[in-house]
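Protein chains in written order, with our numbering: chain A, 1 to 313; chain B, 1 to 313.
Read the structure below first, then the notes.
Number of protein chains: 2
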Amino acid sequence: MKKNEFSFIGDIATLFSTIPHHGFEPIGDDCTLIELGDDALVMTTDMLVEDVHFLRAASSAEEVGEKSLLVNLSDVAAMGATPIATMLSIALPANAQEEWAEGFMRGYHEASHKAGVALVGGDTTSSRDRITINVVAIGRAPKSNIKRRRDARVGDAICVTGKLGRSSKGLVDIMFGDLNTIAARHHRVAQARITEGVWLGTRSEVHAMMDVSDGIASDIKHIMEMSKVGAEIDTQRVPTDYDLRYALSGGEDYELLLTVDGAHAERLCREFEAAHGTPLTIIGRITEPTSDDVCWMEGEKQVEMDIKGFTHF
Amino acid sequence: MKKNEFSFIGDIATLFSTIPHHGFEPIGDDCTLIELGDDALVMTTDMLVEDVHFLRAASSAEEVGEKSLLVNLSDVAAMGATPIATMLSIALPANAQEEWAEGFMRGYHEASHKAGVALVGGDTTSSRDRITINVVAIGRAPKSNIKRRRDARVGDAICVTGKLGRSSKGLVDIMFGDLNTIAARHHRVAQARITEGVWLGTRSEVHAMMDVSDGIASDIKHIMEMSKVGAEIDTQRVPTDYDLRYALSGGEDYELLLTVDGAHAERLCREFEAAHGTPLTIIGRITEPTSDDVCWMEGEKQVEMDIKGFTHF
Numbered sequence: 001m002k003k004n005e006f007s008f009i010g011d012i013a014t015l016f017s018t019i020p021h022h023g024f025e026p027i028g029d030d031c032t033l034i035e036l037g038d039d040a041l042v043m044t045t046d047m048l049v050e051d052v053h054f055l056r057a058a059s060s061a062e063e064v065g066e067k068s069l070l071v072n073l074s075d076v077a078a079m080g081a082t083p084i085a086t087m088l089s090i091a092l093p094a095n096a097q098e099e100w101a102e103g104f105m106r107g108y109h110e111a112s113h114k115a116g117v118a119l120v121g122g123d124t125t126s127s128r129d130r131i132t133i134n135v136v137a138i139g140r141a142p143k144s145n146i147k148r149r150r151d152a153r154v155g156d157a158i159c160v161t162g163k164l165g166r167s168s169k170g171l172v173d174i175m176f177g178d179l180n181t182i183a184a185r186h187h188r189v190a191q192a193r194i195t196e197g198v199w200l201g202t203r204s205e206v207h208a209m210m211d212v213s214d215g216i217a218s219d220i221k222h223i224m225e226m227s228k229v230g231a232e233i234d235t236q237r238v239p240t241d242y243d244l245r246y247a248l249s250g251g252e253d254y255e256l257l258l259t260v261d262g263a264h265a266e267r268l269c270r271e272f273e274a275a276h277g278t279p280l281t282i283i284g285r286i287t288e289p290t291s292d293d294v295c296w297m298e299g300e301k302q303v304e305m306d307i308k309g310f311t312h313f
Numbered sequence: 001m002k003k004n005e006f007s008f009i010g011d012i013a014t015l016f017s018t019i020p021h022h023g024f025e026p027i028g029d030d031c032t033l034i035e036l037g038d039d040a041l042v043m044t045t046d047m048l049v050e051d052v053h054f055l056r057a058a059s060s061a062e063e064v065g066e067k068s069l070l071v072n073l074s075d076v077a078a079m080g081a082t083p084i085a086t087m088l089s090i091a092l093p094a095n096a097q098e099e100w101a102e103g104f105m106r107g108y109h110e111a112s113h114k115a116g117v118a119l120v121g122g123d124t125t126s127s128r129d130r131i132t133i134n135v136v137a138i139g140r141a142p143k144s145n146i147k148r149r150r151d152a153r154v155g156d157a158i159c160v161t162g163k164l165g166r167s168s169k170g171l172v173d174i175m176f177g178d179l180n181t182i183a184a185r186h187h188r189v190a191q192a193r194i195t196e197g198v199w200l201g202t203r204s205e206v207h208a209m210m211d212v213s214d215g216i217a218s219d220i221k222h223i224m225e226m227s228k229v230g231a232e233i234d235t236q237r238v239p240t241d242y243d244l245r246y247a248l249s250g251g252e253d254y255e256l257l258l259t260v261d262g263a264h265a266e267r268l269c270r271e272f273e274a275a276h277g278t279p280l281t282i283i284g285r286i287t288e289p290t291s292d293d294v295c296w297m298e299g300e301k302q303v304e305m306d307i308k309g310f311t312h313f
């Protein structure tokens, strides 16, 4: 359950807290989790609505199919689990029930095939005028591989995979009609650091992990809150090819944000890059919980940042 | 994945058949299933769209909340599993984000509480003009309790819980403006034979089981197809308070349709009624596979039935 998009959501966790959890962990991570024997099964769900999350004029049906899948697989991999299956529900208006639906399934299937993820259930229905898609992704891992937001420790290095800001730069490109930039394509399709997440799941020096969906300035607060720690981030170290605003508060990058035992972080970064050909960069450290806000640095100097957060279109 | 609502769906199972199933059973039952140790976890998902599955003018928000949950719990119980948790995704237009959303959650929570089912995840988003709801229900059972559509055997008695036809009679009442009949209320809210399904799961004389969502005339064909058997149903034995047409081809009754070892069926029916205060009625028997159609009987006499099936509004 994502945070407080509407006022009534805030109370839901409290409302349901009196019902037995039957082995499921409380809401708060990228996925919900149930342990069965030595393994854990993780599950996540995301709903995509036409004209809110995508425009038929700006994204091809194939791209929407691919993105619907990948944003969910990203949540699974961010727990250190291997995505194994999905369930797909889709509501289609009359004008999307043939060509558009086929294109969507082509994109969804190709990305499923690439990730080795089965389709095990779902629902299809008609709708009056707009497309709605709901994907459930299921992952599996040895219990000991699971990474949670609550496991950051004081002294951990804060690390991030890849480079940040490309998806929101792509969204801005699209808004200006530049549909074919690399960033625009990246925004329309998303990525999922699946191999990387599963690899990081096997490493005991990785403590907390999540994917970056709303920008690190906003997402690191989930780790701070769940782990009851503070965070210091050096803006000069944040890996990006774009404006710092995109990199800190741009949404939908789907890179992995993790905290790593401070004594082993540099070695892990070297091994990660050797294994995956993608950088893993130390951008800060976990501190005692002094403030609800991130402590922003420019090298040795503390700076004020005015970060307003990012609104998905 | 429900059957062929659109032409592209027919190919989906084939399209995805080359991807490893990672322990999930192939599509074809009320729920998908994965075995983990001695237990099985079952999962199902259903999407409800405003103006397709419900009208805000005809159903209260509480009723939509209750029904969204119960139709999914019904699928879980129809496998013989105990529903333990759900995930809820909901897209809300501006005019449903406060009062309607609160009413919906009240209905969803009350029904969850009554069934002892946790809420373990979900997603909320805005939409342009209509409400879309997607529910995932998760159940758990000892592997040996799971009932599948493919397990009917020649000589089995065909049985059904409760009485049929009430939900479609209720829909007709609603269409004529009679919103407050017992049948109309039943249609708006649905029921789920949860205790009954779990109880039947523990009985080894029960072979195949599913819930009745499209009317028994249509639903029995899933058992016939999956089990490669024929079926003979005596219309005079079909339990209903309404017109036979409602009872055979009316949708959304959510009673349980099952096949039971012929030698033990009468005893099971007596024990079922004693345990649950609801009838379990023998309405026919499983035969060798002679035809794709059901063999309809009136007592000893074979009759022709012209059943066109039921279209959900």
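Glycine included, every Cβ here is placed at the ideal spot set by N, Cα and C.
None of the values given here were measured: they were computed from a predicted structure.
Next item on the list: Could you tell me whether the Cβ of B/S126 comes closer than 8 Å to any Cβ of chain A?
Entry: Here residue 126 of chain B is taken as the residue at index 126 of the second sequence, counted from 1. By this cut-off, B/S126 is an interface position.
Next item on the list: Mind listing the chain A neighbours of B/F54? Cutoff is C-beta to C-beta under 9 Å, in chain order.
Entry: The sequence position of residue 54 of chain B within the second sequence is 54, counting from 1. Here the premise fails: no neighbours, minimum Cβ distance about 12 Å.
Note to self: At 3 residues or longer, what runs of the beta strand (DSSP E) sit wholly inside the segment 39-121 of chain A?
What the structure shows: 39-49, 82-92
Checklist line | Assigned exposure category for A/V212 - 16 Cβ within 10 Å defines buried | finding: Within the first sequence, the letter at position 212 stands for residue 212 of chain A. So A/V212 counts as buried.
Check: Whose CA, out of A/E110, A/N145, A/E271, lies closest to the CA of A/D38?
Finding: What you label residue 38 of chain A is simply residue 38 of the first sequence in a count that begins at 1. Residue A/N145 is the option with its Cα nearest to A/D38.
Check: Is it true that the CB of B/T259 sits closer than 8 Å to the CB of B/A152?
Finding: Within the second sequence, numbered from 1, the residue matching residue 152 of chain B stands at position 152. Within the second sequence, numbered from 1, the residue matching residue 259 of chain B stands at position 259. Going by C-beta atoms, B/A152 is nearer than 8 Å to B/T259.
Notebook entry, point to check: Does DSSP put A/V172 in a helix, in a strand, or in coil?
Noted result: For the purposes of this step, residue 172 of chain A is taken as the residue at position 172 of the first sequence. Helix at A/V172.
Check: Exposed or buried, what is A/L299 when buried is set at 16 or more other beta-carbons lying within 10 Å of its beta-carbon?
Finding: The residue labelled residue 299 of chain A in the question sits at position 299 within the first sequence. A small correction: the amino acid at residue 299 of chain A is Gly; Leu does not occupy that position in the sequence shown. Exposed is the call here.
Notebook entry, point to check: Is the beta carbon of B/I174 less than 8 Å from the beta carbon of B/V238?
Noted result: Reading the second sequence from its first residue, position 174 is the one you call residue 174 of chain B. Reading the second sequence from its first residue, position 238 is the one you call residue 238 of chain B. Contact flag unset, no.
Check: How far does the alpha helix (DSSP H) with B/M297 in it reach, from first residue to last?
Finding: Position 297 of the second sequence holds residue 297 of chain B. Per DSSP, B/M297 belongs to no alpha helix (DSSP H); it is in the beta strand (DSSP E), 295-298.
Next item on the list: Please report how far the alpha carbon of B/T281 lies from the alpha carbon of B/A157, in whole angstroms.
Entry: As a working mapping, residue 281 of chain B is identified with position 281 in the second sequence. As a working mapping, residue 157 of chain B is identified with position 157 in the second sequence. Taking the straight line from one Cα to the other gives about 10 Å.
Checklist line | DSSP state of A/H264 mapped onto helix, strand, coil | finding: Numbered from 1 along the first sequence, position 264 holds the residue referred to as residue 264 of chain A. It is coil, neither helix nor strand.
Notebook entry, point to check: Where do the ends of the alpha helix (DSSP H) carrying B/V189 lie?
Noted result: Indexing the second sequence from 1 puts residue 189 of chain B at position 189. 182-189 is the extent of the alpha helix (DSSP H) around B/V189.
Note to self: For a cutoff of 8 Å on Cβ pairs, would you count A/I223 as touching chain B?
What the structure shows: By one-based count along the first sequence, residue 223 of chain A stands at place 223. Chain B contact via Cβ: absent.
Next item on the list: State the Cα-Cα distance for the pair A/Q302 and A/S167, rounded to the nearest angstrom.
Entry: Taking the first sequence and counting its residues from 1, the one referred to as residue 302 of chain A is at position 302. Taking the first sequence and counting its residues from 1, the one referred to as residue 167 of chain A is at position 167. For A/Q302 and A/S167, the distance between alpha carbons rounds to 28 Å.
Notebook entry, point to check: Looking at the structure shown, is A/D123 part of a helix, part of a strand, or coil, going by DSSP?
Noted result: In the first sequence, counting from the first residue as 1, residue 123 of chain A sits at position 123. Of the three classes helix, strand and coil, the one that applies to A/D123 here is strand, per DSSP.
Notebook entry, point to check: For A/D243, does the count of other Cβ atoms within 10 angstroms reach 16, so buried, or fall short, so exposed?
Noted result: Here residue 243 of chain A is taken as the residue at index 243 of the first sequence, counted from 1. With fewer than 16 other Cβ atoms within 10 Å, it is exposed.
Checklist line | Contact check, B/E252 vs B/R193, beta carbons under 8 Å | finding: For the purposes of this step, residue 252 of chain B is taken as residue 252 along the second sequence, with counting starting at 1. For the purposes of this step, residue 193 of chain B is taken as residue 193 along the second sequence, with counting starting at 1. Cβ atoms of B/E252 and B/R193: not closer than 8 Å.
Notebook entry, point to check: Ends of the alpha helix (DSSP H) at A/T195?
Noted result: Reading the first sequence from its first residue, position 195 is the one you call residue 195 of chain A. Segment 194-201, the alpha helix (DSSP H) holding A/T195.
Notebook entry, point to check: Do three or more CB pairs link the segment 221-230 of chain A to the segment 101-111 of chain A at distances below 8 Å?
Noted result: no
Margin query: Which same chain residues end up closer than 7 Å to B/K143 when comparing Cβ atoms and leaving out the 5 residues on each side of it in sequence?
Written below: Along the second sequence, one-based indexing puts residue 143 of chain B at 143. Within the same chain, B/K143 has close Cβ partners E35, D38, D39, A40.
Margin query: Considering Cα atoms alone, identify which of B/A231, B/C159, B/V229 is closest to B/L268.
Written below: On the second sequence, residue 268 of chain B is found 268 positions in, with the first residue counted as 1. Taking only the C-alpha atoms, the option nearest B/L268 is B/C159.
Notebook entry, point to check: Any beta-carbon of chain A closer than 8 Å to the one on B/F313?
Noted result: In the second sequence, the residue the question calls residue 313 of chain B occupies position 313. Only weak support is given to the placement of B/F313: the predicted model assigns it a pLDDT of 44, under 50, and the value that follows is read from those uncertain coordinates. So, not an interface residue.
Next item on the list: Report the option in A/R148, A/G107, A/P289, A/C295 whose CA atom is closest to the CA atom of B/L15.
Entry: Locating residue 15 of chain B in the second sequence gives position 15, where the first residue counts as 1. Nearest option by C-alpha distance: A/G107.
Next item on the list: Name the one or two DSSP bridge partners that A/N145 has.
Entry: Within the first sequence, residue 145 of chain A is the residue found at index 145, counting from 1. None; A/N145 has no bridge partner.
Next item on the list: Tell whether a beta-carbon distance below 8 Å holds between B/L164 and B/A231.
Entry: Residue mapping note: residue 164 of chain B aligns to position 164 of the second sequence, counting from 1. Residue mapping note: residue 231 of chain B aligns to position 231 of the second sequence, counting from 1. Not a contact, by the Cβ cut-off of 8 Å.
Notebook entry, point to check: From A/T278 to A/V154, what distance separates their C-alpha atoms?
Noted result: Along the first sequence, read from residue 1 onward, the residue named residue 278 of chain A stands at position 278. Along the first sequence, read from residue 1 onward, the residue named residue 154 of chain A stands at position 154. Cα to Cα, the separation comes out at about 26 Å.
Checklist line | Helix, strand or coil at B/N4 [DSSP, three-state] | finding: As a working note, residue 4 of chain B is residue 4 in the second sequence. Because the pLDDT at B/N4 is just 42, under 50, the model does not fix this residue reliably, and the value given afterwards should be weighed accordingly. Of the three classes helix, strand and coil, the one that applies to B/N4 here is coil, per DSSP.
Check: In chain order, what residues of the same chain lie with their CB nearer than 8 Å to the CB of A/R140, ignoring the 5 residues before and after it?
Finding: Residue 140 of chain A sits at position 140 when you count from the first residue of the first sequence. Counting only Cβ-Cβ distances below 8 Å, and skipping sequence neighbours, we find D39, A40, L41, V42, A81, T82, I84.
Item checked: Spatial neighbours of B/T195 in its chain, beta-carbon cut-off 7 Å, leaving aside the 5 residues before and after -> Position 195 of the second sequence holds residue 195 of chain B. Hits under 7 Å: H276.
Next item on the list: Give the DSSP bridge partners of A/R285, in chain order.
Entry: The residue labelled residue 285 of chain A in the question sits at position 285 within the first sequence. Its beta-bridge partners are A/A157, A/E232.
Checklist line | Segment contact flag, the segment 17-34 of chain B with the segment 115-127 of chain B, C-beta cutoff 8 Å, min 3 pairs | finding: no
Next item on the list: Give the residues from the segment 66-83 of chain B that approach chain A closer than 8 Å (Cβ to any Cβ), ordered along the chain.
Entry: none
Next item on the list: Taking 8 Å as the cut-off, decide whether the C-beta atoms of A/R285 and A/G250 are in contact.
Entry: Position 285 of the first sequence, counted from the first residue, corresponds to residue 285 of chain A. Position 250 of the first sequence, counted from the first residue, corresponds to residue 250 of chain A. No. Outside cutoff.
Check: Apart from the five residues on each side of it in sequence, which residues of its chain come closer than 6 Å, Cβ to Cβ, to A/K169?
Finding: The residue labelled residue 169 of chain A in the question sits at position 169 within the first sequence. Contacts found: A183, Y242, Y246.
Checklist line | Distance between A/T202 and B/A265 (C-alpha atoms, nearest Å) | finding: Start at 1 with the first residue of the second sequence, and residue 265 of chain B comes out as number 265. Start at 1 with the first residue of the first sequence, and residue 202 of chain A comes out as number 202. So the two alpha carbons sit approximately 52 Å from each other.
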